[in-house]
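Written below as structure tokens is the structure these notes are about.
Number of protein chains: 2
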Amino acid sequence: MESGSREVFAVTRRDGDARAGRLQTPHGPVKTPVFMPVGTAGSVKALGPDDLRKLGARIILGNTYHLYLRPGDELIARQGGIHRFCAWDRPILTDSGGFQAFSLSALSSFSEEGISFRSHLDGSRHLFTPEKALRIQQNLGSDIMMVLDECVPYGTPYAYTEKSVERTTRWAARTLAAFSPEGEKEKRPLLFAITQGGFFKDLRTRSVESLAGRPFDGFAVGGLSVGEGRQEMYELLAHTIPLLPEGKPRYLMGVGTPLDLVTGIGFGVDMFDCVLPTRNARNGTLFTSVGKISIKRREFAEDGGPLDPACPCYVCRTFSRAYLRHLFMNKEILALRLNSLHNLTYYRNLMDSARRAIREGTFAAFRARIAALYESISSVKRSI
Amino acid sequence: MESGSREVFAVTRRDGDARAGRLQTPHGPVKTPVFMPVGTAGSVKALGPDDLRKLGARIILGNTYHLYLRPGDELIARQGGIHRFCAWDRPILTDSGGFQAFSLSALSSFSEEGISFRSHLDGSRHLFTPEKALRIQQNLGSDIMMVLDECVPYGTPYAYTEKSVERTTRWAARTLAAFSPEGEKEKRPLLFAITQGGFFKDLRTRSVESLAGRPFDGFAVGGLSVGEGRQEMYELLAHTIPLLPEGKPRYLMGVGTPLDLVTGIGFGVDMFDCVLPTRNARNGTLFTSVGKISIKRREFAEDGGPLDPACPCYVCRTFSRAYLRHLFMNKEILALRLNSLHNLTYYRNLMDSARRAIREGTFAAFRARIAALYESISSVKRSI
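Structure follows, in structure tokens:
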């Protein structure tokens with residue numbers, strides 16, 4: 028399981044704690060830091076694989092919970108796997124399904140065995156064990172699989188969080204024991220562990236320490252962005268990220284805003300995913316080089332200029348703010364696609380710029396610039 | 028206003044009454060017979076101009092009523108016209124707005140002056156006169172403009188239909204009087220009249236005779252596909268189309284199914300528009316070389332083959348029926364785009380095949396083949 032002669036991940040450049048790297052997957056390499064668009068049920072909402080290629084997405088995420096329930100992981104396996112099914116030939120990471128089983132379904136309960144839950148679609152009963160979550164992801168044919176974990180809600184007391192962290196570690200060990208990747212070494216999928224620990228630094232430490240020595244291909248930080256304040260999240264990240272193994276990719280799950288991303292990179296995070304850019308896009312909130320804007324605003328009604336003059340995407344090269352506003356106000360389906368295309372391009376460019384800054388040794392200045400942008404924007408928002 | 032040395036329209040080949048031709052517009056030539064996708068409010072629903080180019084759309088239609096209300100024709104004029112606003116540089120035909128003012132809005136009423144109506148969006152009062160409908164379309168920068176007409180509902184008595192036909196002719200004369208195309212002769216927009224007459228052949232004759240001698244660039248048949256049976260529509264078409272001027276383009280408005288299209292072409296129609304292929308697409312009904320299918324059907328759940336092996340479109344080259352069914356059942360936004368892309372490709376190919384058959388002198392056989400397909404499909408549908 029150890030990478031041995033094959034280098035799954037290499038840090039190619041450091042700038043402070045920030046890293047530029049390269050992750051090898053069965054569907055090719057991924058340059059880091061990277062943001063992964065979320066393709067919940069086998070589709071990044073409103074976009075086709077042609078759009079994703081056009082905007083330069085290097086890797087996307089699929090949700091195990093959703094794909095398991097519909098259309099089913101076994102159906103996808105019979106259809107030749109998730110890549111063929113979705114017509115996406117670049118890497119795909121799948122989460123473990125634990126977070127959605129807990130957050131989306133009624134009557135979910137955790138035991139040593141796994142997570143018992145009812146489908147949010149039809150109320151049917153299901154059980155995710157660590158072994159089953161792994162098998163589902165193997166059926167999907169994921170490039171990067173995540174171990175089943177328990178993500179505790181914000182405010183969970185110490186005693187429960189401690190028990191939960193210990194169980195998550197036992198689940199990780201069970202997953203590892205069940206993991207026997209098929210095929211050639213070069214083509215095997217990767218398996219990442221998820222560290223937890225709620226909002227207690229000593230439990231975060233314990234979680235990392237209990238997992239870091241095991242032969243996982245990468246390590247995620249889970250259980251953040253669940254209702255805590257930004258400062259609290261950043262403090263926990265500052266505490267946790269340096270504890271993770273230096274030579275393995277580090278993935279901050281479900282986070283976040285552009286500011287969160289550059290902050291995370293500054294702490295040494297390599298990978299991110301979040302529904303924010305696509306969900307915001309569908310709500311008309313767009314990221315630009317001068318900050319966040321709502322395309323609904325009246326001032327854009329006759330604005331013939333591009334959404335973001337600094338953006339190279341199809342949307343900014345082709346349409347005016349006036350047209351984008353018109354599409355959105357008129358509830359045109361096309362608005363969802365164009366807005367999503369743009370926001371994901373913004374995120375991709377943000378990651379590319381971060382990588383470039385790391386390689387040039389100017390990451391601190393880059394991070395400060397983005398932070399200033401989003402702080403000034405927040406105060407603009409408050410004044411409206 | 029007569030075409031003079033400039034040939035607005037040329038019939039390049041005849042096969043029985045069917046014609047292959049070429050229509051010259053300010054945004055380039057259009058080969059006929061042609062089907063025009065409907066871009067109601069400046070967007071063919073769920074598709075971008077990139078998709079429309081990819082599927083080979085030669086001309087699209089915009090609805091004057093919708094664009095007038097939102098974002099407004101004057102705004103579009105200030106933004107450089109509809110082509111620039113929508114980033115579509117091929118021809119655009121706009122309807123007169125009369126049909127929607129009557130069918131979508133509450134409290135519409137017809138007088139000699141025009142159509143008075145309330146906006147379906149906010150209840151505001153508006154008046155479309157023939158002159159105003161023309162001015163709106165000039166503001167939009169349409170390539171082919173339609174005169175304001177009255178489309179009477181199915182079942183309208185003879186006396187009212189007769190009065191209405193006479194008024195529609197007077198409105199056409201007023202439109203012509205107000206029409207003073209700007210710019211060079213080669214670049215001027217075209218103006219089409221709309222013949223009416225309900226379901227009375229003598230009134231259809233009278234409408235055509237009162238309009239055909241005037242210097243319009245083309246002639247439409249309106250007021251069909253409003254609830255009559257297929258046979259009744261075909262009989263009226265067989266009666267009306269031969270009355271229209273030979274050398275001018277003939278446009279059958281708001282029609283229809285693939286069978287309607289090949290039947291219309293057989294009578295000598297050159298142009299069509301209809302929401303059917305895009306609306307059906309959004310409902311999961313897809314046209315294929317073996318007839319209509321509903322992508323929802325359970326039998327497609329594990330069908331790894333292309334939607335239509337005979338179709339060259341992006342969707343059929345890229346995705347399986349299983350994936351398309353999954354997207355649709357999961358209410359993924361992408362389903363709307365892919366289904367629309369496919370159905371409009373089917374319509375474009377149908378028109379291309381019709382044109383080819385006309386050029387090869389085999390149109391009757393082609394029409395019979397399509398008719399048999401849709402008749403056998405209807406009986407399959409009944410047996411389910």
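Residue numbers (our numbering), protein chains in the order written: chain E, 28 to 411; chain W, 28 to 411. Idealized CB from N, CA, C, for every residue including glycine.
| query | result |
| --- | --- |
| Any residues in the stretch 315–334 of chain E with a beta carbon nearer than 8 Å to a beta carbon of chain W? Which ones, in chain order? | Ala-328, Glu-329, Gly-331 |
| Provide the residue span of the alpha helix (DSSP H) that contains W:Ser-453, from first to last. | As displayed, chain W neither begins before 28 nor continues past 411, which places residue 453 of chain W out of reach and without an answer. |
| Is there a Cβ of chain W sitting closer than 8 Å to that of E:Gly-31, yes or no? | Reliability of the predicted coordinates at E:Gly-31 is poor, the pLDDT of 44 falling under 50, and the value obtained from them is presented with this limitation in mind. For E:Gly-31, the answer is no, since every Cβ of chain W falls outside 8 Å of its Cβ. |
| For E:Ile-411, does the count of other Cβ atoms within 10 angstroms reach 16, so buried, or fall short, so exposed? | Because E:Ile-411 carries a pLDDT of 26, less than 50, the predicted location of this residue cannot be relied on, and no value is offered for it. |
| Out of curiosity, what's the CA-to-CA distance linking W:Ile-268 and E:Cys-113? | 47 Å |
| Whose C-beta lies closer than 8 Å to the C-beta of E:Leu-88 among residues of the same chain, with five residues either side of it excluded? | Met-63, Pro-64, Val-65, Gly-66, Ile-119, Leu-120, Thr-121, Asp-122, Asp-300 |
| Go ahead and label E:Asp-42 buried or exposed: buried means 16 or more other beta carbons lie within 10 angstroms of its beta carbon, across all protein chains shown. | buried |
| Name the chain E residues that come within less than 7 Å of W:Ile-360, Cβ to Cβ? | Lys-72, Ala-73, Ile-360, Leu-363 |
| Looking only at its chain, what residues have a beta carbon closer than 6 Å to the beta carbon of W:Cys-343, apart from the 5 residues adjacent to it on each side? | Pro-333, Leu-334, Asp-335 |
| How big is the Cα-Cα spacing for E:Thr-52 and E:Asp-170? | 6 Å |
| Rounded to a whole number of angstroms, what is the C-alpha to C-alpha distance between E:Val-179 and E:Ser-70? | 27 Å |
| Checking 8 Å against the spacing of the C-beta atoms, do E:Val-289 and E:Ala-186 come in under that value? | no |
| Sort W:Ser-321, W:Val-317, W:Leu-354, W:Tyr-374 by Cα distance to W:Arg-396 and report the nearest one. | W:Val-317 |
| Three Cβ pairs or more, each shorter than 8 Å: is that satisfied between the stretch 155–165 of chain W and the stretch 246–263 of chain W? | no |
| With DSSP run on the structure shown, which of helix, strand or coil describes W:Val-417? | Because chain W spans 28 through 411 in this model, residue 417 of chain W falls outside it and cannot be assessed. |
| Please return the same chain residues whose Cβ sits closer than 6 Å to the Cβ of E:Pro-76, not counting the five positions on each side in sequence. | Ala-114, Trp-115 |
| Below 8 Å CB to CB, which residues in the same chain sit around W:Arg-352 once its five sequence neighbours on both sides are set aside? | Ile-322, Lys-323, Arg-324, Phe-327, Ala-328, Asp-330 |
| Since E:Leu-50 is in the beta strand (DSSP E), which residue starts that stretch and which ends it? | 45–52 |
| Could you name the residues that DSSP lists as bridge partners for W:Arg-145? | W:Arg-152 |
| Can you tell me which of E:Asp-297, E:Met-298, E:Ile-320 puts its alpha carbon nearest to the alpha carbon of E:Ala-308? | E:Ile-320 |
| Are W:Ser-347 and W:Leu-74 closer than 8 Å when you measure CB to CB? | no |
| Determine the burial state of W:Arg-383: buried for a count of at least 16 other Cβ atoms within 10 Å of its Cβ, exposed for fewer. | exposed |
| Nearest chain W C-beta to E:His-110 closer than 8 Å, yes or no? | no |
| Tell me which same chain residues have a C-beta within less than 8 Å of the C-beta of W:Lys-214, skipping the five on either side of it? | Pro-53 |
| Output needed for W:Leu-154: all residues of its chain with C-beta closer than 6 Å, excluding positions within five of it in sequence on either side, in chain order. | Gly-141, Ser-143 |
| With 8 Å as the threshold, decide whether the Cβ of W:Tyr-95 is near any Cβ in chain E. | no |
| In this structure, does DSSP put W:Ser-136 in helix, strand or coil? | strand |
| I'd like the span of the alpha helix (DSSP H) that includes E:Ser-237, first residue to last. | 228–239 |
| For W:Asp-229 versus W:Thr-59, is the C-beta distance shorter than 8 Å? | no |
| Please state whether DSSP places W:Thr-67 in a helix, a strand or coil. | coil |
| In angstroms, rounded to a whole number, what distance separates the CA positions of E:Thr-222 and E:Ala-205? | 19 Å |
| Restricting to runs no shorter than 3 residues, where is the beta strand (DSSP E) found entirely within the stretch 288–369 of chain W? | 298–300, 312–315, 318–321 |
| Between E:Cys-340 and chain W, is any beta-carbon pair separated by less than 8 Å? | no |
| Where do the N-terminal and C-terminal ends of the beta strand (DSSP E) with W:Ala-73 fall, by residue? | Where W:Ala-73 is concerned, there is no enclosing beta strand (DSSP E), given that its DSSP letter is neither H nor E. |
| Suppose the cutoff is 7 Å on Cβ atoms and the five residues either side in sequence are ignored; what does the same chain contact list for W:Leu-238 look like? | Thr-196, Ala-199, Ala-220, Thr-222, Phe-246 |
| What's the C-alpha gap between W:Gly-107 and E:Leu-361? | 21 Å |
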